[in-house]
Every structure is written in C-alpha cells, then in structure tokens.
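Sequence order for the protein chains is A and B. For the first sequence, the residue numbers in numbering that gives the first Met the number 0 are 0 to 352. For the second sequence, the residue numbers in numbering that gives the first Met the number 0 are 0 to 352.
Protein chains: 2
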Amino acid sequence: MMKWEENVRKVVPYTPGEQPKKSHMIKLNTNENPYPPAPAVAEVVKNFNTDMLRMYPDPAIGDLVQEIADFYKVSRDEVFVGVGSDDVLAMIFLTFFNGKKPILFPDITYSFYDVWADMLRIPYETVPLDDAFCIRPQDYARENGGVIFPNPNAPTGELLPVEVVESIIKANPDVIVVVDEAYIDFGGESALPLIHKYDNLIVVQTFSKSRSLAGSRIGYAFANKTLIKYLSDVKYSFNSYTMDRITIEVGTQAMRDRAYFEQTTAKIIATREWTKKELAKLGFVFGDSKSNFIFATHPDIDTVKLFEDLKSADIYVRHFNKPERIRPYLRISIGTDAQMQEMIEFLKKYLEK
Amino acid sequence: MMKWEENVRKVVPYTPGEQPKKSHMIKLNTNENPYPPAPAVAEVVKNFNTDMLRMYPDPAIGDLVQEIADFYKVSRDEVFVGVGSDDVLAMIFLTFFNGKKPILFPDITYSFYDVWADMLRIPYETVPLDDAFCIRPQDYARENGGVIFPNPNAPTGELLPVEVVESIIKANPDVIVVVDEAYIDFGGESALPLIHKYDNLIVVQTFSKSRSLAGSRIGYAFANKTLIKYLSDVKYSFNSYTMDRITIEVGTQAMRDRAYFEQTTAKIIATREWTKKELAKLGFVFGDSKSNFIFATHPDIDTVKLFEDLKSADIYVRHFNKPERIRPYLRISIGTDAQMQEMIEFLKKYLEK
Numbered sequence: 000m001m002k003w004e005e006n007v008r009k010v011v012p013y014t015p016g017e018q019p020k021k022s023h024m025i026k027l028n029t030n031e032n033p034y035p036p037a038p039a040v041a042e043v044v045k046n047f048n049t050d051m052l053r054m055y056p057d058p059a060i061g062d063l064v065q066e067i068a069d070f071y072k073v074s075r076d077e078v079f080v081g082v083g084s085d086d087v088l089a090m091i092f093l094t095f096f097n098g099k100k101p102i103l104f105p106d107i108t109y110s111f112y113d114v115w116a117d118m119l120r121i122p123y124e125t126v127p128l129d130d131a132f133c134i135r136p137q138d139y140a141r142e143n144g145g146v147i148f149p150n151p152n153a154p155t156g157e158l159l160p161v162e163v164v165e166s167i168i169k170a171n172p173d174v175i176v177v178v179d180e181a182y183i184d185f186g187g188e189s190a191l192p193l194i195h196k197y198d199n200l201i202v203v204q205t206f207s208k209s210r211s212l213a214g215s216r217i218g219y220a221f222a223n224k225t226l227i228k229y230l231s232d233v234k235y236s237f238n239s240y241t242m243d244r245i246t247i248e249v250g251t252q253a254m255r256d257r258a259y260f261e262q263t264t265a266k267i268i269a270t271r272e273w274t275k276k277e278l279a280k281l282g283f284v285f286g287d288s289k290s291n292f293i294f295a296t297h298p299d300i301d302t303v304k305l306f307e308d309l310k311s312a313d314i315y316v317r318h319f320n321k322p323e324r325i326r327p328y329l330r331i332s333i334g335t336d337a338q339m340q341e342m343i344e345f346l347k348k349y350l351e352k
Numbered sequence: 000m001m002k003w004e005e006n007v008r009k010v011v012p013y014t015p016g017e018q019p020k021k022s023h024m025i026k027l028n029t030n031e032n033p034y035p036p037a038p039a040v041a042e043v044v045k046n047f048n049t050d051m052l053r054m055y056p057d058p059a060i061g062d063l064v065q066e067i068a069d070f071y072k073v074s075r076d077e078v079f080v081g082v083g084s085d086d087v088l089a090m091i092f093l094t095f096f097n098g099k100k101p102i103l104f105p106d107i108t109y110s111f112y113d114v115w116a117d118m119l120r121i122p123y124e125t126v127p128l129d130d131a132f133c134i135r136p137q138d139y140a141r142e143n144g145g146v147i148f149p150n151p152n153a154p155t156g157e158l159l160p161v162e163v164v165e166s167i168i169k170a171n172p173d174v175i176v177v178v179d180e181a182y183i184d185f186g187g188e189s190a191l192p193l194i195h196k197y198d199n200l201i202v203v204q205t206f207s208k209s210r211s212l213a214g215s216r217i218g219y220a221f222a223n224k225t226l227i228k229y230l231s232d233v234k235y236s237f238n239s240y241t242m243d244r245i246t247i248e249v250g251t252q253a254m255r256d257r258a259y260f261e262q263t264t265a266k267i268i269a270t271r272e273w274t275k276k277e278l279a280k281l282g283f284v285f286g287d288s289k290s291n292f293i294f295a296t297h298p299d300i301d302t303v304k305l306f307e308d309l310k311s312a313d314i315y316v317r318h319f320n321k322p323e324r325i326r327p328y329l330r331i332s333i334g335t336d337a338q339m340q341e342m343i344e345f346l347k348k349y350l351e352k
C-alpha cells in the first residue's frame with residue numbers, strides 16, 4: 000500500500016439501477032416516468048441561445064427557485080434547489096447530521112441513506128419496519144441525532160398519513176427531521192405545510208419522477224429560511240454553480256405547467272391501480288403502494304428467477320439483495336398502460352407453465 | 000439557540016463574482032470566455048430529443064469521458080468528470096485529504112481552497128508566494144497532508160514551468176498532489192503526462208474557460224486509474240447521476256472540435272498580449288500572465304476607487320479584499336478585442352484626469 004492511501008476516504012458506493020441501452024425494452028427498474036416532460040420543455044431547449052453557455056449560470060438558481068415557490072405558495076427563501084434530490088439529500092446529511100448520537104431511518108428504505116452516513120462518518124441506527132413493511136412512528140420517539148424517512152417509503156410504496164408524519168416530527172424537536180417525498184405526487188399528502196409549524200422540518204421533493212425529468216437532475220427542499228440558509232451556505236462552500244443554464248430553464252418550464260403535471264400523475268395512478276388488480280388476480284402479494292411503483296412478491300414462485308426471466312424478455316424491474324427480508328420482492332415501476340399490459344401478459348403465460 | 004443547531008455545520012461560503020443582468024456591460028470579472036462554445040453545441044441542443052429527459056442519464060457519463068480520453072490520449076479509466084471543476088475539486092478534498100497533517104496551498108490562490116478545507120474540517124497551512132507573486136517550489140518540500148495549487152496560479156496568472164511542477168510532485172511522494180489547471184490552455188504546458196510517472200498526481204481541468212462552457216458546469220480530472228476509482232467511489236456515494244443528459248452531449252461536442260478550441264484560445268492569447276502592452280503604456284504593473292486574465296495594479300492611483308469607477312461605466316472587473324497584499328490589484332478577464340479596446344480607452348481618459 001502506498002503511504003498516501005492512508006488518507007483516502009474508502010467507501011462502498013450506492014449502486015443505481017441498470018441503464019441498458021436497448022431500443023425495444025420495457026424499462027420498469029428505476030421509477031422513471033413513462034411520459035415525456037411538459038411540452039414547453041421541448042420548446043425552451045430548441046430555442047435556447049447556446050451562446051449564453053459561455054457565461055456562468057445564476058448561482059442562486061433564482062428563476063427556478065421562484066417558480067417552485069410560486070407553485071407551492073411558499074416564500075423563495077424557504078426553497079433550496081440541487082442536482083437531483085440525491086444532491087439535496089447529500090447536502091442535508093453534510094449540513095445537519097453532525098452530532099454524536101445516531102441518526103435514525105427505517106431498515107428497509109432508500110438504500111442511499113446508509114451510503115451517505117457511511118461516507119460522512121455519521122453514526123446511524125436502522126429502525127425495523129413492522130411485518131406489513133410499515134413505519135411504526137413510536138419507534139422514532141427516542142434519543143437520536145436526526146431522523147430521515149421517505150414518504151411514501153421506498154421500495155415499499157407504503158404511505159404514512161400526514162398526521163402520523165407530524166407525530167414523528169413532534170416527538171423530535173431537538174433534531175432535524177427530513178421527510179423525503181420523492182414519490183408524494185402519486186397519491187400522498189405532503190408534509191410541506193408543516194414547515195411553518197416546525198422549525199426543524201425539511202421536506203425534499205424531485206423533478207425525476209412526477210415531472211418526467213430524471214435526465215435533467217433537479218431536486219428541491221422546503222424548510223424555514225434559517226435551515227435553508229444553513230443548507231445554502233454549505234452548498235456554496237461545495238460548489239457555487241451547481242445547475243447549468245439549460246437545466247434551470249427546463250425546470251422552470253416544467254414547474255410552470257400544472258395541468259400537464261396533474262394529467263400525467265393521474266394517468267400513472269390509474270395505471271398503477273389497474274396493475275394492482277391484475278397482479279392480484281395472478282396471485283402476487285403487495286402493499287397498497289401510493290408511489291409510481293409496486294413492491295410485489297409471489298408465494299408460489301422463485302421471484303429472483305422471475306427477475307432474470309423478465310430481463311431475458313427485455314422487461315427490466317428492480318431486485319434488491321438486502322436486507323434479507325425483501326429478497327423475495329420485486330420493485331416494478333409503473334409504465335404506460337401498454338407496457339403494463341405487456342408485462343401482465345408475460346406474467347400470465349409465465350405462471351401457466 | 001435551538002438544540003438542533005448544535006449539529007449544524009456552520010461555514011463561511013465562497014463568494015463568486017457578480018453576475019449582473021445588464022445587456023450593455025463589459026463583463027471582465029469571472030474569467031469567462033468572450034466567444035461562444037463550438038458551433039456543434041448549438042446544433043446538438045437544438046436537435047436534442049427532450050423526451051429522453053424522462054430517463055436517468057448515464058451515471059458513468061461514458062460518452063463524455065471517452066471523448067476527453069480520446070482528445071488527451073489517455074485511457075478512459077484515467078478520467079473523472081464532475082459538475083464544473085469546483086465539484087471535481089470538492090470531491091478530491093473529500094476523497095484524498097483525510098489526514099491529520101495540514102495540506103498546503105499558496106497564500107494567494109484560488110479562494111475556494113480554504114473554504115473547502117474549512118467546511119470539511121481539513122487542517123491546512125498557506126505557503127506565502129514570493130514578492131513577485133510566484134510559487135517557491137522548495138517551500139512545498141516539507142511534511143504535509145497533501146498539496147494543491149493552480150497552474151497558472153489564480154488570481155495572479157503566474158505559470159510554473161512543468162519541470163518545476165514536477166519537482167513539487169517529486170518532493171511529495173507520500174501525499175496526493177493536485178495541479179489545478181483551469182487556465183492551462185492559455186499558454187501553459189500541462190502536467191498531464193506526469194500522471195503515468197507519479198501515482199499520487201491529479202491534474203484538474205475545466206470546460207468553463209477555454210471551452211466557453213461556464214454555463215454548462217463541466218470539469219474533469221486526470222490521474223492513474225487507482226486514484227480515479229477512489230474518486231468515483233466517493234462521487235457515487237454522494238450523487239449517482241451528477242450530469243444531466245443535455246450537458247453530457249454539449250460537453251462531448253465541445254471536446255470534439257479541436258480546431259475551434261485552438262482558434263479561440265489563440266485569439267484570447269493575442270488579445271491578452273495586446274492588452275498587456277496597452278496597460279504597460281498607461282503605467283499599470285502586472286506579471287506575465289499565461290491565463291485569460293491580467294492581475295494588475297497602478298502605482299499612482301487608488302485602484303479600489305478605479306474598480307468602482309469602472310463598474311459605474313458598466314465595466315466589471317474583479318477585486319479581492321484579502322489577503323491584504325493583493326488589495327491594490329484588479330483581476331481583469333480577457334474579453335474580445337473590442338471590449339479590451341473600450342476598457343483601454345476608458346483607462347486612458349481616466350488617467351488623464
């Protein structure tokens with residue numbers, strides 16, 4: 000070993016879902032939106048004056064921040080924008096989780112939380128979900144260095160009512176509580192209004208799912224202006240200019256089109272409910288997901304083999320190897336009606352064998 | 000103070016240069032390129048299929064990495080790409096500067112280095128430049144936790160010959176040495192070939208200056224594949240998908256056009272040399288900058304007042320308040336010939352008064 004290796008931060012990184020480059024696949028493995036972004040996005044990109052790219056972008060990302068603030072009826076100093084919600088969450092871990100007590104998150108949850116904690120040397124404890132894969136709020140009423148959970152949870156899709164979310168916030172006045180709402184637009188109620196009631200609450204959302212912009216990398220957070228200031232100071236200490244000029248305009252246009260957003264999320268919800276009925280008919284078992292995916296297993300078949308067989312048929316879903324408790328489950332993103340029908344047809348034939 | 004504030008990382012962020020939104024200004028304050036990006040950039044943006052934005056980008060940024068590797072004749076596993084060189088440098092600080100001994104950098108240098116060190120609680124010592132604002136290589140031949148310096152240095156523009164850079168690397172085999180070459184394309188010789196000779200060397204470059212893409216946020220680093228792997232692991236532990244789909248294509252096209260890159264950098268160098276002659280005639284004093292800016296002062300006038308007076312005439316240059324030694328200096332970015340002529344005319348009249 001070279002001597003300089005002593006000072007290297009050695010980590011085990013997060014593994015994102017596969018991005019195969021096939022033209023004829025059904026890609027239901029990374030919770031992408033099956034519909035294109037709002038029509039104005041195409042216009043703004045087509046007409047973008049690329050000569051402007053020679054100049055730095057607005058470090059405050061002002062236009063996009065204002066558009067988000069307008070849409071959600073909050074003040075612009077209550078909004079933080081980052082390069083995807085992963086960037087926002089990484090900045091939150093770096094800014095707010097610097098205590099000696101362990102932060103808490105569910106044992107089955109977004110698998111990036113423990114990666115951030117490990118990388119930043121943040122002590123943490125995972126809190127087991129109950130047997131129905133639900134968060135038990137009373138488990139978070141104990142000493143800790145911070146709390147984070149997704150709502151709906153990933154990869155289970157289970158939604159906590161906002162009253163239950165509030166009970167967790169209420170039980171933790173001395174630490175920062177982060178509600179990661181990447182999937183909230185598919186049938187959940189946001190904790191956003193609570194930022195005016197609790198000064199320790201941060202609500203995180205993203206353009207990647209409900210606004211069809213996973214490829215643009217835009218995430219955002221809401222909190223009172225004191226927290227947003229702390230977060231921005233750390234961001235400006237990391238990278239002054241995080242969002243490129245084109246993406247700022249893309250995000251601004253996407254946020255502006257409320258009707259398109261409501262239409263596409265409603266379509267995905269309808270497709271999800273149809274898919275649930277069909278999967279149930281085939282004997283699959285799953286919770287009542289309020290996200291853009293279904294976390295399902297089947298009592299009679301080897302679902303890990305099914306995962307591979309789906310892939311051989313160019314149908315990509317997601318399988319997590321750990322924790323052990325979720326090994327029999329597959330996470331199936333909601334695509335278009337046609338895609339889900341094709342998948343259901345495949346499964347019908349598969350189960351007939 | 001609320002109890003949760005105890006766990007907040009409190010920092011004093013970097014202050015970027017002003018980005019005034021005026022149409023008739025001469026903006027020489029942030030070292031932007033006065034020429035637009037390569038023509039193919041406009042084409043690729045205009046024809047970009049925005050429907051693709053619904054899907055995550057390639058987390059490995061493969062196309063752009065390959066294009067950079069081809070341009071510089073290195074292997075793709077010797078290239079790391081980030082959201083501007085600030086993102087690349089922040090990741091380097093996070094990955095490699097985790098020792099107890101202080102890292103070393105010049106006392107007059109890119110003012111983000113101490114911000115990163117402070118934010119990440121990295122001990123550091125600044126090494127004074129000599130009276131001519133030059134790095135003395137022998138000052139870096141002592142125990143430390145890492146070394147970083149820009150070449151050419153900022154905001155002085157002073158270039159070290161590559162043999163002197165090598166002497167600093169050679170004197171520091173036990174730590175990581177980072178050569179920050181944001182301005183190398185304006186007349187310097189890169190340390191890039193040395194990555195095959197020294198396993199502890201990282202060379203950082205950017206699309207923001209010589210490739211006219213400050214607004215796109217693309218930076219990159221070269222090092223042997225072991226270092227690139229460590230850096231990538233930390234990046235993947237921070238944010239899997241840092242670069243959006245459009246920017247990946249923009250960067251790829253810009254890197255592909257070698258002729259345009261050589262033309263525009265040659266034009267900027269010629270304009271810089273003309274500007275130096277004119278400034279000298281007016282009694283300004285400055286070093287032999289090999290960057291796209293000139294760091295100048297004038298023995299007979301109050302340059303801080305000049306800074307404000309230039310601004311009143313819509314000519315923006317940069318002034319740094321600290322350290323004390325550089326307070327009388329102004330950093331003037333190189334614009335087009337017409338812009339520099341206009342500035343020189345202003346200065347002529349100003350000095351006649």
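Ideal Cβ placement from N, Cα and C applies to all residues, glycine included. Please read these numbers as outputs of a predicted model, since none were measured by experiment.
Within 10 angstroms of the beta-carbon of B/Ala190 lie 16 or more other beta-carbons, which makes it buried. Residue-level contact check: B/Phe283 does not touch chain A, since none of the beta carbons of chain A fall below 8 Å from its beta carbon. Look at A/Ser84 here: in three-state DSSP terms it is helix.
Taking a 10 Å sphere around the C-beta of A/Glu17, we find fewer than 16 other C-beta atoms and assign the residue as exposed. Look at A/Val7 here: in three-state DSSP terms it is coil, with no helix or strand label. Within the same chain, Cβ atoms closer than 7 Å to the Cβ of B/Ala213 are found at Glu31, Ser207, the five residues on either side in sequence being excluded.
The CB of A/Gly286 never comes closer than 9 Å to any CB in chain B; the least such distance is about 25 Å. For A/Tyr123, the closest Cβ of chain B is not nearer than 8 Å. Along the region 67–95 of chain A, the positions whose C-beta sits under 7 Å from a C-beta of chain B are Val82, Gly83, Asp85, Asp86, Ala89, Leu93, Thr94, Phe95, read in chain order. Close to A/Met1, with beta-carbon spacing below 9 Å, are these residues of chain B in chain order: Pro172, Asp173, Asp198, Asn199, Thr225. In the structure shown, B/Gly187 falls within a coil segment according to DSSP collapsed to helix, strand and coil. Distance between B/Ile343 and B/Leu278, taken at the CA atoms: about 7 Å.
Taken atom to atom, the span from the alpha-carbon of B/Asp256 to that of B/Leu63 is near 13 Å. For a Cβ distance threshold of 8 Å, nothing in chain A lies close to B/Lys169: the least Cβ distance comes to about 14 Å. Beta-bridge pairing by DSSP links B/Glu124 to B/Leu103.
Annotation for B/Gly144: no alpha helix (DSSP H) segment contains it, and DSSP assigns it neither H nor E.
Between the beta-carbon of A/Ile134 and that of A/Phe148 there is about 6 Å, and that keeps the pair under the 8 Å contact cut.
With a 10 Å radius around the Cβ and a threshold of 16 neighbouring Cβ atoms, B/Gln338 comes out buried. In the three-state DSSP reduction, B/Gly250 falls in the helix class (H, G or I). For A/Ala258, the enclosing alpha helix (DSSP H) stretches over residues 257–280. DSSP links B/Tyr315 through a beta bridge to B/Lys26.
By the Cβ neighbour-count rule, A/Asp184 is buried, with 16 or more other Cβ atoms within 10 Å of its own. In the structure shown, A/Val203 adopts extended strand secondary structure according to DSSP, grouped into three states. Within the DSSP bridge table, the entry for B/Ser332 names B/Phe292 as partners.
For B/Val40, at least one C-beta of chain A is nearer than 8 Å to its own C-beta.
Taking CB atoms only, B/Ala213 has a neighbour in chain A less than 8 Å away. B/Glu261 and B/Leu159 have their C-alpha atoms spaced approximately 22 Å apart. When rounded, the separation of the alpha-carbon atoms in B/Asp138 and B/Ala170 is 10 Å. Bridge partners of A/Gly218 according to DSSP: A/Gly81, A/Thr205. Shown here for B/Asp243: same chain residues with a beta carbon closer than 7 Å to its own, the five before and five after excluded, namely Pro56 in chain order.
Residue range 38–45 is occupied by the alpha helix (DSSP H) that includes A/Val43. Only Asp243, Arg244, Ile245, Thr246, Val249 from the region 243–275 of chain B bring a Cβ to less than 8 Å from some Cβ of chain A.
Your pair A/Val87 and A/Ala220 checks out as a contact, with CB atoms roughly 5 Å apart and the cut at 8 Å. Taking a Cβ-Cβ cut-off of 9 Å, B/Val146 has no neighbours in chain A, whose nearest Cβ is about 11 Å from it.
Assigned with DSSP and collapsed to three states, B/Asp179 falls in strand. B/Asp85 counts as buried, since no fewer than 16 other beta carbons sit within 10 angstroms of its beta carbon.
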